[in-house]
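Counted the way our numbering counts, the sequence shown spans residues 1 to 151. All C-beta atoms, glycine included, are put in the ideal place defined by N, C-alpha and C. The structure appears below as structure tokens.
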Amino acid sequence: MNVSALACLAAAAAYGFAVSANGDGTVAVPVPDTLASGYCRALHDALPQQVGGLSRHDLKPASDLTAGWGDPAIVLRCGVARPAVDDDPDADGVDVNGVGWSVEHGPGGSLRLTTTLRQVYVEVTLPKKYAADVGPLTDLAAPVKRTIPDL
Numbered sequence: 001m002n003v004s005a006l007a008c009l010a011a012a013a014a015y016g017f018a019v020s021a022n023g024d025g026t027v028a029v030p031v032p033d034t035l036a037s038g039y040c041r042a043l044h045d046a047l048p049q050q051v052g053g054l055s056r057h058d059l060k061p062a063s064d065l066t067a068g069w070g071d072p073a074i075v076l077r078c079g080v081a082r083p084a085v086d087d088d089p090d091a092d093g094v095d096v097n098g099v100g101w102s103v104e105h106g107p108g109g110s111l112r113l114t115t116t117l118r119q120v121y122v123e124v125t126l127p128k129k130y131a132a133d134v135g136p137l138t139d140l141a142a143p144v145k146r147t148i149p150d151l
């Protein structure tokens with residue numbers, strides 16, 4: 001990862017986005033098509049047990065399309081819709097170990113990052129507590145690259 005990507009994440013951390021997981025660990029499960037679901041199941045099986053030093057745990061409802069680490073949870077959702085931010089030529093984005101991510105921020109200090117230029121969109125929400133750290137994206141890059149093909 002380059003220094004400009006780190007600077008972008010640090011700057012975006014001053015803002016935030018609503019965390020995908022509710023306080024009780026529930027998340028909205030995406031509803032992708034059959035092909036995307038297959039890629040997402042492969043990603044789910046390849047995800048690490050630790051992200052950013054935080055242990056993996058099940059979210060509610062249990063699904064091959066979601067995963068969580070830590071408390072408050074870093075939340076991954078696979079098979080989400082293409083984010084509107086991808087239409088904005090001035091939108092923030094980072095590349096971490098060969099995986100491109102669009103960056104959305106809003107009130108609360110959390111970040112929502114969504115893969116770009118992949119067959120399936122993978123969304124990761126970083127709560128404010130972890131939003132300035134690229135470790136989670138570094139840990140997720142290899143499994144995303146292995147299981148979700150480029151466009």
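DSSP three-state assignment for Thr116, whether helix, strand or coil
For the purposes of this step, residue 116 is taken as residue 116 along the sequence shown, with counting starting at 1. The three-state secondary structure of Thr116, taken from DSSP, is coil.
Would you kindly report the start and end of the unbroken beta strand (DSSP E) that includes Gly53?
For the purposes of this step, residue 53 is taken as the residue at position 53 of the sequence shown. No beta strand (DSSP E) holds Gly53; DSSP gives it neither H nor E.
Using only the alpha-carbon positions, how far apart do Asp150 and Pro127 sit?
Counting from 1 along the sequence shown, the entry for residue 150 is found at position 150. Counting from 1 along the sequence shown, the entry for residue 127 is found at position 127. Looking at the two C-alpha atoms, the distance is approximately 27 Å.
Count the other CB atoms, across all protein chains shown, that sit within 10 Å of the CB of Val80; report buried if there are 16 or more and exposed otherwise.
Numbered from 1 along the sequence shown, position 80 holds the residue referred to as residue 80. Buried, by the Cβ-count rule.
In this structure, how does DSSP classify Gly93 when only helix, strand and coil are distinguished?
Walking along the sequence shown from the start, residue 93 turns up at place 93. Here Gly93 sits in strand by DSSP.
Report the option in Gly109, Pro61, Lys60, Cys78 whose CA atom is closest to the CA atom of Asp133.
The residue labelled residue 133 in the question sits at position 133 within the sequence shown. Nearest option by C-alpha distance: Gly109.
In terms of residue numbering, what span does the beta strand (DSSP E) encompassing Gly68 cover?
Within the sequence shown, the letter at position 68 stands for residue 68. 66-69 is the span of the beta strand (DSSP E), which, as asked, contains Gly68.
Please identify the residue among Gln49, Thr66, Val96 whose C-alpha is closest to the C-alpha of Thr26.
Taking the sequence shown and counting its residues from 1, the one referred to as residue 26 is at position 26. Selected option, being the one with the closest Cα: Thr66.
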